[in-house]
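Asker: Chains as they are written, first to last, in the numbering used here: chain X, 876 to 989; chain H, 3 to 113. Sending over a structure as structure tokens; questions will come in a sec.
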Amino acid sequence: GAGVSQTPSNKVTEKGKYVELRCDPISGHTALYWYRQSLGQGPEFLIYFQGTGAADDSGLPNDRFFAVRPEGSVSTLKIQRTERGDSAVYLCASSLTDGSYEQYFGPGTRLTVT
Amino acid sequence: GENVEQHPSTLSVQEGDSAVIKCTYSDSASNYFPWYKQELGKRPQLIIDIRSNVGEKKDQRIAVTLNKTAKHFSLHITETQPEDSAVYFCAARANNNDMRFGAGTRLTVKP
Numbered sequence: 876g877a878g879v880s881q882t883p884s885n886k887v888t889e890k891g892k893y894v895e896l897r898c899d900p901i902s903g904h905t906a907l908y909w910y911r912q913s914l915g916q917g918p919e920f921l922i923y924f925q926g927t928g929a930a931d932d933s934g935l936p937n938d939r940f941f942a943v944r945p946e947g948s949v950s951t952l953k954i955q956r957t958e959r960g961d962s963a964v965y966l967c968a969s970s971l972t973d974g975s976y977e978q979y980f981g982p983g984t985r986l987t988v989t
Numbered sequence: 003g004e005n006v007e008q009h010p011s012t013l014s015v016q017e018g019d020s021a022v023i024k025c026t027y028s029d030s031a032s033n034y035f036p037w038y039k040q041e042l043g044k045r046p047q048l049i050i051d052i053r054s055n056v057g058e059k060k061d062q063r064i065a066v067t068l069n070k071t072a073k074h075f076s077l078h079i080t081e082t083q084p085e086d087s088a089v090y091f092c093a094a095r096a097n098n099n100d101m102r103f104g105a106g107t108r109l110t111v112k113p
């Protein structure tokens, strides 16, 4: 079946603008994760959803970052007042349940803030 | 919180040789340890994982070992091939679903 998909694949925005990044998890996967990956680094945990609720948002760096998953499927990561330091690849992953360990990653969105 | 250290940061081997990548973790509650392979510009792909109730797991040319007492785990690739060249990430996760990744190892297999 289809894997995790993310749109857009690339996003260039000016400093101070607002951006939304979308993630479509694997159908039937109730757990969804957002990570941020900077060049030469491993993925950094941002937030985890179980169903519609954010079960753990301890990785969000500050209040400019927010994520939603209103119907328990598609999720949107929202970044307000973007800064150049927000430039990174934003990865989404999903797993069957929160008790299922395997996470499957999407292709990522490369965000560049100029 | 969990802290994962990964070594080496780069590794170059000759085709056919073995490659070993090592990771340590800090949170004794961690119980799941996956390894991901990431090719340039691609998503991380799970290649093997191990849970804390076993000490070793093998899948063809890939094996992972876990020492819970010492809090370290290792990835072993035997008979390396050029297509094994990629960046490999280890990770550790406790029950809180917060998975922490190592900084990655860039493996180059020279033909």
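C-beta atoms are modelled at their ideal positions from N, C-alpha and C, and glycine is treated no differently. Predicted model, so just to flag it, every value in this text is computed and none were measured.
Starting from Glu85/H, follow its DSSP beta bridges and name the residues at the other end.
Answerer: For this step, residue 85/H is matched to residue 83 along the second sequence. According to DSSP, which records beta bridges pairwise, Glu85/H is partnered with nothing at all.
Asker: Does the beta-carbon of Phe71/H have 16 or more other beta-carbons within 10 angstroms, so that it is buried, or is it exposed?
Answerer: In the second sequence, residue 71/H corresponds to position 69, counting from 1. Per the sequence shown, the amino acid found at residue 71/H is Thr instead of Phe. Thr71/H is exposed by the Cβ-count criterion.
Asker: Tell me, please, whether the stretch 980 to 987 of chain X touches the stretch 890 to 899 of chain X by the rule of three or more beta-carbon pairs shorter than 8 Å.
Answerer: Yes: the two stretches touch, three or more of their Cβ pairs being nearer than 8 Å.
Asker: Using the C-alpha atoms, what's the distance from Ile52/H back to Lys953/X?
Answerer: Residue mapping note: residue 953/X aligns to position 78 of the first sequence, counting from 1. Residue mapping note: residue 52/H aligns to position 50 of the second sequence, counting from 1. Spanning the two alpha carbons is a distance of roughly 34 Å.
Asker: Could you check whether Arg45/H and Phe980/X sit closer than 9 Å to each other, using their CB atoms as the reference points?
Answerer: Here the question's residue 980/X lines up with position 105 in the first sequence. Here the question's residue 45/H lines up with position 43 in the second sequence. Yes; because the gap between Cβ atoms is below 9 Å, this pair is in contact.
Asker: Note down, in chain order, every chain H residue with its Cβ under 8 Å from the Cβ of Ser913/X.
Answerer: One-based indexing of the first sequence puts residue 913/X at position 38. Those within 8 Å of Ser913/X in chain H number zero; the least Cβ separation is about 10 Å.
Asker: Since Gln978/X and Tyr908/X are thought to touch, with beta carbons under 8 Å apart, how far apart are those beta carbons, to the nearest angstrom?
Answerer: Position 103 of the first sequence, counting from 1, holds the residue named residue 978/X. Position 33 of the first sequence, counting from 1, holds the residue named residue 908/X. Indeed, because the Cβ distance is near 6 Å, the residues count as touching under 8 Å.
Asker: My output table needs one value for Arg108/H: the three-state DSSP class, helix, strand or coil.
Answerer: Looking up residue 108/H in the second sequence gives position 106. Here Arg108/H sits in strand by DSSP.
Asker: Here's a check: name, in chain order, each residue in its chain whose Cβ is nearer than 6 Å to the Cβ of Asp29/H, leaving out the five neighbours to either side.
Answerer: Against the second sequence, residue 29/H aligns to sequence position 27. Same-chain partners within the cutoff: Glu4, Ala96.
Asker: Where does Arg959/X fall in DSSP's three states?
Answerer: In the first sequence, the residue the question calls residue 959/X occupies position 84. Arg959/X: helix per DSSP, three-state reduction.
Asker: Please name the residue, chosen from Thr882/X, Tyr893/X, Glu889/X, Ser880/X, that lies closest to Arg959/X on a Cα-to-Cα basis.
Answerer: Counting from 1 along the first sequence, the entry for residue 959/X is found at position 84. The residue with the shortest Cα to Cα distance from Arg959/X is Glu889/X.
Asker: Could you work out which residue in Ser14/H, Glu17/H, Asp19/H, Tyr38/H is closest to Gly104/H when comparing CA atoms only?
Answerer: For the purposes of this step, residue 104/H is taken as residue 102 along the second sequence, with counting starting at 1. Nearest option by C-alpha distance: Tyr38/H.
Asker: Give a yes or no on whether 9 Å exceeds the smallest Cβ distance from Asp51/H to chain X.
Answerer: Residue 51/H sits at position 49 when you count from the first residue of the second sequence. Cβ-Cβ to chain X under 9 Å: yes for Asp51/H.
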